[in-house]
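Notes to accompany the following structure.
Protein chains in written order, with this note's numbering: chain A, 67 to 489; chain B, 314 to 933.
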């Protein structure tokens with residue numbers, strides 16, 4: 067057992083993760099500069115421009131990271147529920163106390179800068195989830211425990227969706243399903259979730275009657291080929307019934323969606339006629355920008371589609387378009403590989419933890435990052451519906467950068483003390 | 314817990330899978346599928362064409378024949394129009410709202426489209442442009458494109474210079490260089506030398522943002538091309554001679570072609586009636602073209618010098634005389650009788666009154682029909698062949714070597730071939746073996762099915778003046794100041810006829826000189842210039858005979874060969890002769906000292922003699 071070393075807060079820090087973080091943040095900043103490039107304000111540190119502001123966000127994020135590394139690692143386990151409670155309150159309060167900006171009720175405003183508490187809910191919920199699940203006596207299969215787990219994930223989701231009307235920020239909480247899976251959630255739930263997604267898509271694309279027939283045929287085939295035990299027949303019948311009700315439910319869910327959400331799904335699935343000037347505009351422009359980059363890209367600051375505002379939100383949610391256009395396939399693949407490497411590194415680190423709290427927290431980090439990556443890049447290349455969530459460490463925005471930094475660096479801190487914790 | 318820790322592989326697998334799918338998808342849309350690149354260009358680039366200045370055209374003495382004047386097309390890109398104050402805009406252009414609406418509809422309908430720029434108002438004058446330019450910023454979607462219009466300081470040589478039109482859709486499909494509405498030479502030198510005159514269009518790529526604001530040049534102009542101006546052309550035309558000739562030819566139908574024998578350079582190419590070339594330029598072009606086009610009596614757009622073929626009449630006797638000698642059936646001393654016509658066929662073809670019999674010199678000098686019928690008969694019944702058809706073939710082959718019966722190969726757009734009838738042709742008409750010399754005897758005096766263009770006729774005289782050779786007649790002598798441009802190389806190759814013995818030509822030249830000294834052209838002598846000529850009076854199925862005259866001057870070291878044809882004007886010596894004589898005097902002496910003759914020619918109005926369209930009019 068090594069002696070506890072307080073000589074340096076940087077002791078045992080996973081430098082690979084920190085390095086990937088720094089590269090992503092820097093490349094992101096450069097691309098924000100390119101995306102909103104303005105010849106009148108060409109100095110990258112000009113704080114009247116978004117790239118100047120992003121620099122402030124980056125510097126403060128590094129400060130935050132530093133503070134996190136100073137704070138004692140036991141702080142998070144000790145105050146997990148308190149942190150969760152505080153941010154939950156902030157999220158409940160923001161619609162009432164915050165100033166409405168562009169119809170959004172999710173911001174606290176301080177002069178030029180704004181803070182979006184929903185972004186911070188992610189790490190708060192992750193801490194609470196880790197704290198709860200790491201309790202030695204907890205078995206996830208227990209209904210009561212399942213309920214509490216669902217509450218930790220579901221309450222923030224509902225608050226953000228219902229009170230703040232921020233679908234993108236809310237839906238991220240679904241990402242914790244990966245954590246739960248790692249911690250023992252029955253694979254059946256995942257399969258059921260997967261089935262739900264597949265059937266939802268099919269139900270929108272194919273005549274529902276055919277789908278019913280297909281499901282029944284599939285069940286019948288299963289009955290013929292599977293050992294006809296009572297249990298098997300029950301499972302087949304149950305799955306068939308659930309599948310059919312999912313198909314039936316699809317239209318109900320779809321009808322209750324908001325028009326712009328319906329349209330986003332239609333665009334993704336290519337349903338009906340998509341007007342490229344209206345509902346199809348964002349995705350089409352994003353694809354044009356990325357697609358026109360070619361193999362090597364048009365060169366830094368040479369992008370026309372992003373720089374000249376053809377792509378909307380090109381500095382935040384659609385920042386990946388700038389990468390695709392100016393750095394081409396090479397740059398896009400590099401960014402994806404970098405993000406994936408970070409996520410895999412975090413998983414690798416999680417698995418080396420002796421403390422379940424650290425491991426669960428680590429998986430939460432990986433889950434959130436993976437969800438953001440999948441949806442954000444997926445929507446720019448037409449593989450995911452348009453959901454307004456940022457690309458981690460990359461998109462413009464103080465709240466998201468702060469929140470991802472906090473999320474990641476708490477884990478780096480926990481990881482740096484992994485050897486001091488006895489099992 | 315161990316069992317659960319295996320799940321990390323599933324999770325990592327899913328993450329890596331998503332990464333791979335995304336990278337594959339990116340490879341597809343970025344590398345494999347090109348359509349996005351095209352979309353991006355269409356959106357973010359605005360291509361503007363820089364039109365080059367079309368080359369000027371000068372005469373042989375560097376007098377300007379054609380230059381350019383700036384004009385401005387008002388272009389519209391309907392998609393870009395924003396907050397348009399229609400009333401204000403109409404006011405500015407001086408058009409009514411109805412006209413505006415009509416033009417806008419045209420701009421958005423096929424073949425135009427709201428996303429495509431098209432011409433809203435053509436060729437604004439520099440003055441209109443100036444007032445418009447200041448206010449154009451208020452009308453997004455409208456902009457001006459500068460173009461050049463042809464201008465002609467002297468209203469001469471319209472047919473030879475030709476005119477310019479706009480490229481139509483069919484043409485743009487054939488030749489990718491052109492876009493619809495681009496200017497292109499349609500006729501004359503403008504057509505033949507289109508590629509030289511037009512230069513090369515420049516292309517500028519401007520980047521635009523989502524609101525269509527220009528954001529500067531793409532890659533700082535790396536892919537932009539500058540317009541290359543068209544090269545100036547130096548014509549062989551003598552503008553003064555051309556002007557003088559056109560003045561003499563006014564109110565007559567016909568043409569004059571003058572060639573410098575030593576070079577094959579065309580000194581004057583006159584077609585009458587003509588028109589002011591300035592009419593076919595600018596906004597009035599369509600209207601004026603229509604007017605000229607529907608004038609089916611005078612057919613002013615028709616270039617008779619190269620596009621009309623006539624029976625050459627008596628001037629063709631010269632060729633007969635040359636071939637007769639070449640084939641050994643004729644010497645200057647050969648004499649044939651004339652009895653007011655060709656005796657063997659009972660006085661047909663007829664002849665006018667003169668002494669009889671005549672030798673070759675006198676026969677040329679007096680243009681005896683009987684004599685040249687005998688000559689033609691002797692050529693076809695030549696013992697050398699002992700076969701009329703073989704003899705005919707030999708006659709035809711020699712005749713063809715005078716650059717007739719085919720296009721001369723000049724650089725004049727649209728030439729007719731003319732016609733030297735073939736054996737096959739006569740076989741078809743008369744039946745094989747059932748035609749002989751007397752059947753086609755009038756070929757000997759330039760009638761029958763013979764057809765020759767005025768340009769070809771002038772070239773025949775050139776050959777006689779040169780005694781057996783010529784350069785392909787041409788209208789351009791230098792491109793961009795370069796006389797040795799490869800496009801002109803073909804005019805530097807000396808062409809020889811099948812008759813090379815200069816003695817044969819000397820005999821004919823003597824006869825032509827006799828015609829001037831004491832024969833049919835005796836009234837046309839030029840002070841101080843001894844020249845050679847041959848009159849002609851060409852029968853034709855369209856009324857009164859055509860007046861034909863060919864000549865070259867001076868007799869020794871000829872400087873000008875000329876062929877004049879005036880339709881339905883009667884004797885060659887009456888109208889065509891004096892005009893040729895005056896033009897030669899003008900060219901050689903610099904001034905004309907026969908004011909009476911000049912006045913008579915200038916004021917002569919023969920246009921009313923024309924009863925029907927004498928020649929088939931080719932479309933445009």
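Ideal placement from N, C-alpha and C gives every residue a C-beta, glycine not left out.
Predicted model, so just to flag it, every value in this text is computed and none were measured.
Starting from residue 460 (chain B) and walking both ways along the beta strand (DSSP E), at which residues does that stretch end? Counting along the chain, the beta strand (DSSP E) containing residue 460 (chain B) begins and ends at 455–464.
Extent of the continuous beta strand (DSSP E) run through residue 364 (chain B): No beta strand (DSSP E) contains residue 364 (chain B), which DSSP labels as neither H nor E.
Validate contact between the segment 369–381 of chain B and the segment 466–474 of chain B using beta carbons, cut 8 angstroms, 3 pairs: Two segments are said to touch when three or more pairs of C-beta atoms, one from each, lie closer than 8 angstroms; by this definition the segment 369–381 of chain B touches the segment 466–474 of chain B.
Hey, is residue 312 (chain B)'s beta-carbon within less than 8 angstroms of any beta-carbon in chain A? No statement about residue 312 (chain B) is possible, as the shown extent of chain B runs from 314 to 933 and does not include it.
Give the DSSP-derived three-state secondary structure of residue 1006 (chain B) in the structure shown. Past the boundaries of the shown model lies residue 1006 (chain B); chain B is included only from 314 to 933, so the question cannot be answered.
CB of residue 355 (chain A) within 8 angstroms of CB of residue 390 (chain A), strictly: Yes; because the gap between Cβ atoms is below 8 angstroms, this pair is in contact.
What residues from the segment 529–543 of chain B come within 9 angstroms of chain A, judged by C-beta to C-beta, listed N to C? Within the segment 529–543 of chain B, the qualifying residues are 529, 531 and 532.
Can you tell me which of A:486, A:89, A:232 and A:467 puts its alpha carbon nearest to the alpha carbon of residue 126 (chain A)? Residue nearest to residue 126 (chain A) within the set A:486, A:89, A:232 and A:467 is A:467 (criterion: CA-CA distance).
Quick check on the DSSP output: the alpha helix (DSSP H) that includes residue 814 (chain B) runs from which residue to which? Counted as a single uninterrupted DSSP element, the stretch harbouring residue 814 (chain B) is not any alpha helix (DSSP H), since DSSP gives it neither H nor E.
Members of the segment 383–412 of chain B near chain A, C-beta cut-off 7 angstroms: From the segment 383–412 of chain B, no residue has a Cβ closer than 7 angstroms to chain A.
Members of the segment 498–521 of chain B near chain A, C-beta cut-off 8 angstroms: Per Cβ criterion, the list reads 520 and 521.
What is the DSSP secondary structure of residue 385 (chain B), counted as helix, strand or coil? DSSP places residue 385 (chain B) in strand when its eight states are reduced to three.
Kindly indicate if chain A contains any beta-carbon less than 8 angstroms away from that of residue 339 (chain B). Yes, its Cβ sits closer than 8 angstroms to a Cβ of chain A.
Could you give the first and the last residue of the continuous beta strand (DSSP E) run that contains residue 845 (chain B)? Taken as a continuous stretch (DSSP letters only), the beta strand (DSSP E) holding residue 845 (chain B) covers 845–853.
Taking residue 440 (chain A) as the query, report the chain B residues whose CB atoms sit under 7 angstroms from its CB, ordered along the chain. Near residue 440 (chain A) (Cβ distances below 7 angstroms), the residues of chain B are 331.
When you compare each of B:864, B:766 and B:733 to residue 779 (chain B) by their alpha carbons, which one comes out closest? The residue with the shortest Cα to Cα distance from residue 779 (chain B) is B:864.
At a Cβ threshold of 8 angstroms, is residue 227 (chain A) touching chain B? Chain B, which has no Cβ nearer than 8 angstroms to the Cβ of residue 227 (chain A), makes this no.
Between the segment 426–450 of chain B and chain E, which residues of the former have CB atoms less than 9 angstroms from a CB of the latter, in chain order? Here the protein chains are A and B, and chain E is not one of them.
Quick one: what's got a C-beta closer than 8 angstroms to residue 751 (chain B)'s C-beta in the same chain, skipping five residues either side? Counting only Cβ-Cβ distances below 8 angstroms, and skipping sequence neighbours, we find 657, 658 and 690.
Would you say residue 375 (chain A) reaches chain B, if we count a Cβ-Cβ gap shorter than 8 angstroms as a contact? Yes, because at least one Cβ of chain B sits closer than 8 angstroms to the Cβ of residue 375 (chain A).
Using the DSSP secondary-structure output, state which residues sit across from residue 732 (chain B) in a beta bridge. For residue 732 (chain B), DSSP records a beta bridge to B:764.
Could you give the DSSP three-state label for residue 323 (chain A): helix, strand or coil? Here residue 323 (chain A) sits in coil by DSSP.
Note down the Cα distance separating residue 509 (chain B) from residue 368 (chain B), rounded to an integer number of angstroms. Going by the C-alpha atoms only, they are around 8 angstroms apart.
May I ask you to list, following chain order, the residues of the segment 319–330 of chain B that have a beta carbon less than 9 angstroms from some beta carbon of chain A? Listed by position along the chain: 320, 321, 323, 324, 325, 327, 328 and 329.
Taking only three categories from DSSP, how would you classify residue 119 (chain A)? Residue 119 (chain A) sits in a helix when the DSSP states are folded into three classes.
For residue 489 (chain A), would you say it is in contact with chain B, using Cβ-to-Cβ distances shorter than 8 angstroms as the test? With a pLDDT of 41 at residue 489 (chain A), under the threshold of 50, the modelled position of this residue cannot be trusted; read the value that follows with caution. So no, residue 489 (chain A) is outside the interface.
Locate the beta strand (DSSP E) running through residue 517 (chain B), then write down its first and last residues. First-last of the beta strand (DSSP E) with residue 517 (chain B): 515–521.
In this structure, does DSSP put residue 425 (chain A) in helix, strand or coil? In this structure, residue 425 (chain A) counts as helix in the three-state DSSP scheme.
Compare the C-beta of residue 795 (chain B) against all C-beta atoms of chain A and say whether one is closer than 8 angstroms. For residue 795 (chain B), the answer is no, since every Cβ of chain A falls outside 8 angstroms of its Cβ.
How about the segment 805–814 of chain B and the segment 666–679 of chain B: do they share at least three Cβ pairs that are nearer than 8 angstroms? Taking a cut-off of 8 angstroms for Cβ pairs, the segment 805–814 of chain B and the segment 666–679 of chain B do not touch, as fewer than three such pairs fall below it.
With a CB to CB cut of under 7 angstroms and the five nearest residues on each side skipped, what residues in its chain are close to residue 189 (chain A)? Excluding the 5 residues flanking it on each side, residue 189 (chain A) has same chain C-beta neighbours closer than 7 angstroms at 469, 472, 473 and 476, in chain order.
Using the C-alpha atoms, what's the distance from residue 442 (chain A) back to residue 404 (chain B)? Those two C-alpha atoms are separated by around 52 angstroms.
Pick from A:345, A:305, A:371 and A:257 that is closest to residue 356 (chain B), judged by C-alpha positions: Taking only the C-alpha atoms, the option nearest residue 356 (chain B) is A:371.
Smallest Cα separation from residue 635 (chain B): which of B:681, B:819, B:849 and B:386? Closest by alpha carbon: B:819.
Closer than 8 angstroms to chain A by CB, residue 360 (chain B): Proximity of residue 360 (chain B) to chain A, defined by a Cβ-Cβ separation below 8 angstroms, is not satisfied.
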